[in-house]
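J.: Residue numbers (full-length UniProt numbering): 1 to 622.
Quick one: this structure, given as structure tokens, is what I'll be asking you about.
This is the structure in structure tokens:
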């Protein structure tokens, strides 16, 4: 009822929104715990076009005999048209099977967004909790402005309303944190203290006449019976199109976020595409029955979950109770104090607000994940809910890009008398094999990190491949490949192609001394083994980098070995390689090597490559 007023309509519209959309979602939704209905953020967003167009309507019709009912009818048409258009957008997204987009809502992003959204909910309840009337704000910075406006009117606080709010919050908090955990441990069901508080407060308010004597705001008159269907006004679509898009995406993000949150708590899966269809149908049907836009109800879902909700049967029971309220009990709820409803909402949000305690854990486990949480939270708090969600999503995607760009890379060394190859930086016992450098680049090779990859190989090997290649072009001759029966195997698949061994003839007097690394340690490299088993993809730029490096090293009598056959095929395709000739100089791998486990099974190389290395280093293992 409070959210109906928040959406710029009457409290009864909040009851309608809590009845029809959940009833539709019961048949089509996949989440067991989410409760579809009113949500303050969505209600606030829905109120934006309602207030704007209603004010314009009142200005145009100020000279006519219009009454408050006429203005309200126009507000209602705007609200239900927004609901219809939002539902259509959500349903079309489901038909287009865009549910996969929801996987980009990560857990830190979800936590920061829902926690900040809870603060927006609290700000929306300040009017009812303190008995004041704040100026409604819209747009960026809405939450700080709401608290600023609250402090401006704080002096007008209704003492009786604050007293009732404090009593209700105290009782609800004591039961939630102290009594109910013990009761639930014994009977596996929490005591429904919210219902008891609501009944007692309504009874006291009715007989003590709190509204007439102390100015405590109550729900007021409620129309009895189900509403008559009302057709949305499609002529309003051009004026509310952008508002409807925002409402639909925020409602969808909220619903999917809550579904994902509680599904993770209860260890089950939800189907995002079906969630889109279900929410879209719920709003489409609700728009014809005087409902404002519905979504996953943050407070209502929290209350239901804390009350032991296990399936959507709980929503069906809730709809049955609401049906009795609308048809029979409605007049008895006219004396419900608004502050009691807000108190129930406030206490139910403590679990959502408690997610802020996860930030220290995120900082210890992953600074980037903690940054996603904090950025999303701050953007949602200080900017707005839609822009905050977009900011968090963009920042999350940027972190993914940065992680792939700054992927881990290191040289592997062999540990004597074992088959283990470890990171030489971390393990002092890991030694470089004579004339062999084994490199591991942990990530995809693409345009953003190809230059870093090239520089890293140059620094590690001690050879600037491009520079050497250019120098040797003027003084080397490339001999034709020689035939050798051991260089071939029975496998003829292109994806097994690794590289070609090119013999470079350099006059003895012109041969250069061993090249030095940046540490000035001379090395003679005959083989460069590049482990790319952890690569997930390679683009055109990465393929060109790999191709150029391979050609340059081969001209220097180095042999570049790639340990993932299918990615070699992709590199060959992207790098515009010609089909490898079927000659004795071609080096083939008989099978794709299994991905080596980190720092332990790199020694289990492709058998053909390992045989060459073993032959080249004969006598090393002693």
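Beta carbons are placed, not taken as given, at the ideal position from N, Cα and C, and that holds for glycine.
Whole angstroms are fine: how far does the CA of residue 375 sit from the CA of residue 326?
T.: For the purposes of this step, residue 326 is taken as residue 326 along the chain shown, with counting starting at 1. For the purposes of this step, residue 375 is taken as residue 375 along the chain shown, with counting starting at 1. Cα to Cα, the separation comes out at about 43 Å.
J.: With 16 as the cutoff for other CB atoms within 10 Å, does residue 266 come out buried or exposed?
T.: Stepping through the chain shown from its first residue, residue 266 is reached at position 266. So residue 266 ends up on the exposed side.
J.: Between which two residues does the alpha helix (DSSP H) holding residue 446 run?
T.: Residue numbering aside, residue 446 sits at position 446 when the chain shown is read from its first letter. Taken as a continuous stretch (DSSP letters only), residue 446 belongs to no alpha helix (DSSP H), as it is neither H nor E.
J.: What is the DSSP secondary structure of residue 243, reduced to helix, strand or coil?
T.: Numbered from its first residue, the chain shown carries residue 243 at position 243. Residue 243: helix per DSSP, three-state reduction.
J.: Just to check my reading of the structure: residue 146 and residue 123 have Cβ atoms closer than 8 Å, yes? What is that Cβ distance to the nearest angstrom?
T.: Stepping through the chain shown from its first residue, residue 146 is reached at position 146. Stepping through the chain shown from its first residue, residue 123 is reached at position 123. The pair is a contact, with the Cβ atoms about 4 Å apart (cut-off 8 Å).
J.: Have a look at 281, 324, 256 and flag the residue whose alpha-carbon is nearest the alpha-carbon of residue 31.
T.: Taking the first residue of the chain shown as 1, we reach residue 31 at position 31. Nearest C-alpha to residue 31: 256.
J.: Mind checking who residue 422 pairs with in its DSSP beta bridge?
T.: Your numbering for residue 422 matches position 422 in the chain shown. According to DSSP, residue 422 bridges with 413.
J.: Give me, in chain order, the residues of the same chain whose beta-carbon lies closer than 7 Å to that of residue 82; leave out the 5 immediate sequence neighbours on both sides.
T.: On the chain shown, residue 82 is found 82 positions in, with the first residue counted as 1. 46, 49, 240, 243, 244, 247, 293.
J.: Under 7 Å between the Cβ atoms of residue 33 and residue 54?
T.: Numbered from 1 along the chain shown, position 33 holds the residue referred to as residue 33. Numbered from 1 along the chain shown, position 54 holds the residue referred to as residue 54. No; because the gap between Cβ atoms is not below 7 Å, this pair is not in contact.
J.: Out of 431, 403, 406, 407, which has the shortest C-alpha to C-alpha gap to residue 415?
T.: To locate residue 415, count along the chain shown from 1; it is residue 415. Comparing Cα-Cα distances from residue 415 to each of 431, 403, 406, 407, the minimum goes to 431.
J.: Along the alpha helix (DSSP H) that carries residue 152, what are the first and last residues, could you check?
T.: Working through the chain shown from its first residue, we reach residue 152 at position 152. Here the alpha helix (DSSP H) through residue 152 covers 142-153.
J.: In three-state DSSP terms, what is residue 73?
T.: To locate residue 73, count along the chain shown from 1; it is residue 73. Note: residue 73 maps to helix in three-state DSSP.
J.: Per DSSP, residue 337 is paired with what?
T.: The residue you call residue 337 lines up with position 337 of the chain shown. DSSP lists 218 as partners of residue 337.
J.: Along the chain, where does the beta strand (DSSP E) containing residue 381 start, and where does it finish?
T.: Counted from its first residue, the chain shown places residue 381 at position 381. Unbroken run through residue 381 is the alpha helix (DSSP H), 367-382; no beta strand (DSSP E).
J.: At the level of alpha carbons, what is the spacing between residue 35 and residue 181?
T.: By 1-based counting over the chain shown, the position of residue 35 is 35. By 1-based counting over the chain shown, the position of residue 181 is 181. Using only the alpha carbons, I get a separation of about 23 Å.
J.: Pairing CB atoms from the region 269-283 with CB atoms from the region 84-92, are three or more of them under 8 Å?
T.: Touching, per the Cβ criterion.
J.: For residue 37, list the residues DSSP reports as bridge partners.
T.: The residue you call residue 37 lines up with position 37 of the chain shown. Paired residue(s): 295.
J.: Which same chain residues, not among the five before or five after residue 142, have their C-beta less than 6 Å away from its C-beta?
T.: Counting from one through the chain shown, the residue named residue 142 turns up at place 142. Closer than 6 Å at the Cβ level, and outside the excluded window around residue 142, lie 384.
J.: Assuming residue 336 and residue 288 form a contact by the criterion Cβ under 8 Å, report the distance between their Cβ atoms to the nearest whole angstrom.
T.: Counted from its first residue, the chain shown places residue 336 at position 336. Counted from its first residue, the chain shown places residue 288 at position 288. 27 Å between Cβ atoms; not a contact.
J.: Express the C-alpha separation of residue 214 and residue 206 in angstroms, rounding to a whole number.
T.: What you label residue 206 is simply residue 206 of the chain shown in a count that begins at 1. What you label residue 214 is simply residue 214 of the chain shown in a count that begins at 1. Spanning the two alpha carbons is a distance of roughly 12 Å.
J.: Using three-state DSSP, classify residue 546 as helix, strand or coil.
T.: Looking up residue 546 in the chain shown gives position 546. Three-state result, residue 546: helix.
J.: Consult DSSP for residue 408 and reduce its assignment to one of helix, strand or coil.
T.: As a working note, residue 408 is residue 408 in the chain shown. Residue 408: strand per DSSP, three-state reduction.
J.: Is residue 155 a contact residue of the ligand FMN, with contact defined as CB to any heavy atom under 6 Å?
T.: No copy of the ligand FMN occurs in the structure displayed, which carries no ligand at all.
J.: Going by the DSSP bridge assignment, what does residue 436 pair with across the sheet?
T.: In the chain shown, residue 436 corresponds to position 436, counting from 1. For residue 436, which the question treats as bridged, DSSP gives the partners 527.
J.: Leaving out the 5 sequence neighbours to the left and right, which residues in its chain are closer than 6 Å to residue 399 when beta-carbon positions are compared?
T.: Taking the first residue of the chain shown as position 1, residue 399 is located at position 399. If we look at residue 399 and ignore the five residues flanking it on each side, its Cβ neighbours are 368.
J.: Can you list, in chain order, the residues of its chain with a C-beta nearer than 8 Å to that of residue 220? Leave out the 5 residues immediately preceding and following it.
T.: To locate residue 220, count along the chain shown from 1; it is residue 220. Excluding positions up to five away in sequence, the list reads 11, 334.
J.: Based on Cα-Cα distance, which residue from 359, 311, 187 lies nearest to residue 29?
T.: In the chain shown, residue 29 corresponds to position 29, counting from 1. The candidate whose alpha carbon is nearest that of residue 29 is 311.
J.: Per DSSP, what kind of secondary structure is residue 267 in: helix, strand or coil?
T.: By 1-based counting over the chain shown, the position of residue 267 is 267. The answer is coil: DSSP assigns residue 267 none of H, G, I, E or B.
J.: Considering only the beta carbon of each residue, do residue 116 and residue 377 sit closer than 7 Å?
T.: Here residue 116 refers to the residue found at position 116 when the chain shown is read from its first residue. Here residue 377 refers to the residue found at position 377 when the chain shown is read from its first residue. Yes, the Cβ-Cβ distance between residue 116 and residue 377 is below 7 Å.
J.: Taking the beta carbon of residue 284 as the centre, do at least 16 other beta carbons fall within 10 Å, making it buried, or is it exposed?
T.: To locate residue 284, count along the chain shown from 1; it is residue 284. Residue 284 should be labelled buried.
J.: Within a Cβ cutoff of 6 Å, which residues of the same chain sit near residue 300, ignoring the five residues on either side of it in sequence?
T.: Taking the first residue of the chain shown as 1, we reach residue 300 at position 300. Within the same chain, residue 300 has close Cβ partners 35, 37.
J.: Helix, strand or coil, according to DSSP, for residue 429 in the structure here?
T.: Residue 429 sits at position 429 when you count from the first residue of the chain shown. Residue 429 falls in the coil class under three-state DSSP.
J.: Report the residue from 193, 234, 262, 160 whose alpha carbon sits nearest the alpha carbon of residue 212.
T.: Here residue 212 refers to the residue found at position 212 when the chain shown is read from its first residue. Answer by Cα proximity: 160.
J.: How do the region 394-411 and the region 157-174 stand: do at least 3 beta-carbon pairs fall below 8 Å, yes or no?
T.: Cβ pair count under 8 Å is below three, so no.
J.: Please return the same chain residues whose Cβ sits closer than 7 Å to the Cβ of residue 1, not counting the five positions on each side in sequence.
T.: The count along the chain shown starts at 1 and reaches residue 1 at position 1. Within the same chain, residue 1 has close Cβ partners 11, 14, 15, 219, 341.
J.: Taking only the alpha-carbon atoms, compute the straight-line gap between residue 154 and residue 344 and give it to the nearest angstrom.
T.: Here the question's residue 154 lines up with position 154 in the chain shown. Here the question's residue 344 lines up with position 344 in the chain shown. If you take the alpha carbons of residue 154 and residue 344, they lie about 21 Å apart.
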